[in-house]
């Protein structure tokens, strides 16, 4: 990993494949503590589907984690090989969460902000249906990785999209594409154009970082030491804008010796620091709901 880290951006597609190959057998050996229901439709499109991970031994009203995968807007899947990115939801199932793994439509079949609309439709499904799978629709936490982080941030911030459902309690933007750019050294410049459009004069207004001060929910922003070029800069810019605004709590995490893929591929493989940090953040920002229920005896 250290060797790849030094040249990560030379070939991000090949290096991602190396990370998936490295982490898949590690994830396969770890406990699977969930019953999985796959490919539930939340919309009419073939890719508008999600998987639900119900933790074993839990009867209901569990907190919920929703994961939105990456793929540079033009590729990617919720489950690359049955292990990555199922590993994210298996990790949270071990901690007593109901997990939801979301797939969404890709550019060029869709363009900005349709990815965010898919996220909102998936979260509406969670609001309406997750109780039947043992989840608490009032304690939902959402992780967006890479392009998924862009879609999640846009869903939360872009005026006119309607906003996130009331039950969403906190957000985690992990290695997110929070500013659109076609800089010459951006390894995904063409993919950014496929989704955000060819007119670069619109990019600033369409970039979530431009609205970060209006972030409506507690947010954890995480980047890796070896990032897709510029994403660490944009993540820091987003976190600083939220902190300066002072409206909601923000936590900044930088994972040493990890890269753009391993930052999520390592979950449920034996290294627990980042997974525990996410769990602590989610529980902190769902605790008032749980405390109120304990006080009143409500179910």
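Numbering (the working numbering), first residue to last: 208 to 506.
For each residue, glycine too, the CB sits at the ideal point set by N, CA and C.
query	result
Cβ neighbours of residue 357 in the same chain (closer than 6 Å, five flanking residues each side left out)	383 and 384
Three-state secondary structure (DSSP) of residue 553	The structure shown does not extend to residue 553, since the chain is modelled only from 208 through 506, so no value can be given for it.
Member of 453, 431, 475 and 458 whose CA lies at the smallest distance from the CA of residue 467	431
Alpha-carbon to alpha-carbon, residue 454 and residue 443	17 Å
Residue 212 and residue 478 closer than 8 Å at C-beta	no
Beta strand (DSSP E) runs wholly inside the region 275-359, at least 3 long, in chain order	305-309 and 342-352
Coil, strand or helix - residue 490 by DSSP	helix
Those residues which DSSP pairs with residue 459 across a bridge	428
Nearest residue (CA-CA) to residue 304, options 268, 422, 335 and 322	268
Under the three-state DSSP convention, the category residue 464 falls into	strand
Residue range of the unbroken beta strand (DSSP E) whose run includes residue 244	241-248
Opposing strand residues paired with residue 450 [DSSP bridges]	Residue 450 is not bridged to any residue.
Collapsed DSSP secondary structure at residue 372 in the structure displayed	coil
Burial state of residue 369, where buried means 16 or more other Cβ atoms lie within 10 Å	exposed
Which listed residue (256, 438, 272 and 380) has its alpha carbon closest to that of residue 394	438
Span of the beta strand (DSSP E) around residue 261	256-262
Any non-hydrogen atom of the ligand MN closer than 7 Å to residue 231 Cβ	This structure simply doesn't include the ligand MN, nor any ligand for that matter.
CB of residue 378 within 8 Å of CB of residue 349, strictly	yes
Reduced DSSP secondary structure (H/G/I, E/B, other) of residue 408	helix
Collapsed DSSP secondary structure at residue 238 in the structure displayed	coil
At least three beta-carbon pairs within less than 8 Å, the region 409-429 to the region 485-493	yes
Coil, strand or helix - residue 387 by DSSP	coil
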